[in-house]
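**Q** I'd like to ask you about the structure that follows.
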Amino acid sequence: MNKKVFDRYGTVWACVFLVVATLAVFSQVHKHEFLDFDDSEYVTENEHVQSGLTRDSIIWAFTTGHASNWHPLTWLSLMLDYQLFGLRAGAFHITNLLLHTANTLLLFLVLRKMTRSLYRSGFVALVFALHPLHVESVAWVAERKDVLSTLFWLLTMWVYSSYAQRGGGVRYLIILLLFGLGLMAKPMLVTLPCVLLLVDYWPLRRLESSGRDGEGVKKQRTRLTVARLVLEKIPLFVLSVISSIITVIVQRGGGAVISAGALPIGWRVSNAIVCYVVYILKMIVPVRLAAFYPNMSPPALIETIGAAVALVCITIVVVRGARRWRYLATGWLWYIGTLVPVIGVVQVGAQAYADRYAYVPLIGLFIIVGWLVPDILAGWRYKKIAIWLCTFLAVVPMAIAATLQVGHWRNTVALFEHTLAVTEDNCVAHNGLANKYGKLGQIDKSIEHGREAVRICPQYRMAHYNLGMGYYHKGELEKAIERWQEALRLKQDYREVNFNIGVAFEALGEADKAVEYFRSELAINPGHKRAQQKLDALLTRHPH
């Protein structure tokens, strides 16, 4: 069979296999529920998303910093889902799955186009599709931004590979457009211009004046300098800077960025160094994966030193090995660089690290594995058998682990019960269960988990709020008021809390105090209709 024909059909069959494998592992998400873990902010309690694609909701998407993010394209995609399917959780999950599947195919096709290697590109895409660390990005509706932004990341790389070969102003404008759209889905793309510089080095080899095509025929190409390649990407860097500034402003305004006083810079740097190694270890042995990893204390000094030594040693090996195998440098720097926005030096949220942050960075390490193992085995008599055996032994356990991990995301209770089983002192998981069990009417369980959340994190205002709700529904109004007042002490403009305290005081027959708290609620939330109604009713019965 002609090699071109074989390559064409080989690519098609590889795509078919990647789609089947991805759907086999993730198809169960169509039965999953929305989670009481950010899904409320993004969908179930978001009136703008539930307006569908209207003029007002579109304007809101481009002007809001809701959920401490500016990602209008993500909001629009969720609005479109609601417009088409209503509040059916399965439909939102299927959209995430389709985007992940598209990302898998695009990753394969981009690498195939850039490297002309069918099998190695297929391996990288397959591991990307099935790795358990990627479950969080796919099985969580609130992480629509992950899979959507990665789609534009890979589309940008696809067009860039054509631009690198043939140039063209139109292609460059398309690159800018796709990159801009990706930034509007999630600012994680700010590192993409640096990744494009890495692929200039390998596999595109734009720094060389000549090379060979896929059939070994020598061809000429214009040699470009590093300065020229950097200059070429200045517009992309400008977009990255603008996106970064917007992100910092929005996240600081939303209270997502943790102050240096709350988490000292030494703590952050130490945690970042350790996390670089943690992600590598979880890539190799993906066990004890959780929805939230507490950041309760800084890593021990010995852990930090050990992680730093490991990173330095790997870097030295990469530098030396890159003289022969350039993909080592590209893959390693891809991993190191793309994690920078989320590694925790600028701390966003209270987690030590998160599985979703590895969605794009791990591609760099997958590339190293996919290219290095065949090169190490080159010349061995049983090379092909060994490669296929290694692939089987790596992918099958990975697919099984991912399938089990997907199951943990089926609902809020399953997710947080599993999180408690694999982590320690996890106040976020306890608070999540306190909230969910309260909604399910299991008040004793709600109070039990609420108490644990408050014990572990006394400054966690949501834990005080949910514990207060548990006490309220059990009829212990004084205890409920005490918890809600503590929540107010931690955040004076905490919406709904003043209203709840007012309702509790009204039930206790203390009208004056109820009036005081209803007025406080209206001062910070003037549109609260129930607070206004209750205030008016109380003032009618008890004129002041």
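Heads up: the sequence shown begins at 714 in the numbering used here, then just goes up one per residue. Ideal placement from N, C-alpha and C gives every residue a C-beta, glycine not left out. This structure is a prediction, so every number in the text was calculated from the model and none was measured.
Let me make sure I understand the geometry here. Which of Leu831, Glu1016 and Met996 has the alpha-carbon closest to that of leucine 731?
**A** The shortest C-alpha separation from leucine 731 is found at Leu831.
**Q** Using alpha carbons as the reference points, say which of Gln1118, Leu890, Asp913 and Asn782 lies closest to valine 738.
**A** The candidate whose alpha carbon is nearest that of valine 738 is Gln1118.
**Q** What are the boundary residues of the alpha helix (DSSP H) that includes proline 1110?
**A** Start and end: 1096-1121.
**Q** Drop a sphere of 10 angstroms on the beta-carbon of alanine 1250, count the other beta-carbons inside from all chains shown, and report buried for 16 or more, exposed for fewer.
**A** So alanine 1250 counts as exposed.
**Q** So what's glutamine 1064 in DSSP terms, helix, strand or just coil?
**A** In this structure, glutamine 1064 counts as strand in the three-state DSSP scheme.
**Q** By how many angstroms is the C-alpha of glycine 803 removed from the C-alpha of arginine 829?
**A** Rounded to whole angstroms, arginine 829 to glycine 803 spans 37 angstroms at the Cα level.
**Q** Taking 7 angstroms as the cut-off, decide whether the C-beta atoms of isoleucine 1156 and lysine 1187 are in contact.
**A** Yes, they are a contact pair.
**Q** Can you check whether the CB of lysine 1096 is closer than 7 angstroms to the CB of leucine 1090?
**A** For leucine 1090 and lysine 1096, yes; Cβs fall inside 7 angstroms.
**Q** From which residue to which residue does the alpha helix (DSSP H) around isoleucine 1056 run?
**A** Here isoleucine 1056 belongs to no alpha helix (DSSP H), and DSSP marks it neither H nor E.
**Q** When DSSP builds the beta bridges, which residues end up paired with proline 1007?
**A** Its beta-bridge partners are Gln1064.
**Q** Figure out for me which residue from Ala1042, Arg1069, Thr938 and Tyr722 has the closest Cα to the Cα of leucine 1052.
**A** Measuring from the Cα of leucine 1052, the nearest candidate turns out to be Arg1069.
**Q** Would the beta-carbon of alanine 1115 fall within 7 angstroms of that of leucine 843?
**A** Cβ distance < 7 angstroms, so alanine 1115 and leucine 843 count as in contact.
**Q** Using the beta-carbon count (16 or more within 10 Å), is serine 850 buried or exposed?
**A** By the neighbour-count rule (16 or more Cβ atoms within 10 Å), serine 850 is buried.
**Q** When the Cα atoms are used, what is the spatial distance from glutamate 754 to proline 1087?
**A** The straight-line gap from Cα to Cα measures roughly 46 angstroms.
**Q** What are the complete alpha helix (DSSP H) segments, minimum 4 residues, inside the region 1010-1039?
**A** As far as the region 1010-1039 is concerned, its whole alpha helix (DSSP H) runs of at least 4 residues are 1014-1034.
**Q** Measuring CB atoms only, is the region 1167-1179 touching the region 1027-1046, in the sense that at least three cross pairs come out at less than 8 angstroms?
**A** No contact exists between the region 1167-1179 and the region 1027-1046.
**Q** At which residues does the alpha helix (DSSP H) containing lysine 1204 begin and terminate?
**A** It is not in any alpha helix (DSSP H) - lysine 1204 carries neither H nor E in the DSSP assignment.
**Q** Give the secondary structure of methionine 1175 by DSSP, where H, G and I count as helix, E and B as strand, and everything else as coil.
**A** Looking at methionine 1175 - three-state DSSP - the assignment turns out to be helix.
**Q** Cα-Cα, which of Leu1046, Thr1017 and Met792 is closest to isoleucine 1029?
**A** Out of Leu1046, Thr1017 and Met792, Leu1046 has the C-alpha closest to the C-alpha of isoleucine 1029.
**Q** How should glycine 924 be labelled, buried or exposed, when 16 other C-beta atoms within 10 angstroms of its C-beta is the threshold for buried?
**A** Confidence is the limiting factor: at glycine 924 the pLDDT is only 49, short of 50, which leaves the residue's position unreliable and the question unanswerable from this model.
**Q** Specify, as a first and last residue, the run of the alpha helix (DSSP H) that histidine 806 falls within.
**A** Looking at the DSSP string, the run of the alpha helix (DSSP H) that includes histidine 806 is 802-828.
**Q** Can you check the region 1200-1247 for any alpha helix (DSSP H) of at least 4 residues that lies completely inside it and give the ranges in chain order?
**A** Counting only runs of 4 or more, we get 1210-1220 and 1224-1237.
**Q** For glutamate 1199, tell me which candidate among Glu1219, Cys1170, Asp1225 and Glu1223 has the shortest Cα-Cα distance.
**A** When each option's Cα is compared against that of glutamate 1199, the closest is Cys1170.
**Q** Give the secondary structure of arginine 941 by DSSP, where H, G and I count as helix, E and B as strand, and everything else as coil.
**A** If DSSP states are grouped into helix, strand and coil, arginine 941 belongs with the helices.
**Q** Suppose you measure from the CA of alanine 1193 to the CA of glutamate 1229; what does that come to, to the nearest Å?
**A** C-alpha separation (whole angstroms): 17 angstroms.
**Q** Would you report the Cα separation of glutamate 921 and tryptophan 915, rounded to the nearest angstrom?
**A** If I take the Cα positions, the gap works out to 10 angstroms.
**Q** If we ignore side chains and look at the alpha-carbon of each, how far apart do serine 834 and threonine 735 end up?
**A** About 16 angstroms.
**Q** Would you tell me roughly how many angstroms separate the C-alpha atoms of proline 785 and glutamine 1064, rounded to the nearest one?
**A** Distance between the alpha carbons of proline 785 and glutamine 1064 is about 25 angstroms.
**Q** If you drop the 5 nearest sequence neighbours on each side, which residues of the same chain put their C-beta closer than 7 angstroms to that of tryptophan 680?
**A** This structure leaves residue 680 out entirely; the chain is present only between 714 and 1257.
**Q** List the endpoints of the continuous alpha helix (DSSP H) containing tyrosine 1150.
**A** From DSSP, the alpha helix (DSSP H) with tyrosine 1150 extends over 1140-1152.
**Q** Between threonine 757 and phenylalanine 747, how many whole angstroms is the CB-CB distance? I'm expecting something under 8 angstroms.
**A** So it is a contact: roughly 5 angstroms between Cβ atoms.
**Q** Short of 8 angstroms in beta carbon distance, which residues of its chain neighbour glycine 1120, apart from the five on each side in sequence? Order them along the chain.
**A** Gln741 and Ala1127.
**Q** Whole angstroms are fine: how far does the CA of valine 883 sit from the CA of valine 725?
**A** So the two alpha carbons sit approximately 28 angstroms from each other.
**Q** Please report the straight-line C-alpha distance between valine 854 and threonine 777, rounded to a whole angstrom.
**A** Their backbone Cα atoms lie some 19 angstroms apart in a straight line.
**Q** Would you mind giving the Cβ-Cβ distance between proline 900 and serine 956, rounded to the nearest angstrom? I have them listed as a contact below 8 angstroms.
**A** Indeed they touch by this definition, with Cβ atoms about 5 angstroms apart.
**Q** Would threonine 1253 be called buried (16 or more neighbouring beta carbons within 10 Å of its own) or exposed?
**A** So threonine 1253 counts as exposed.
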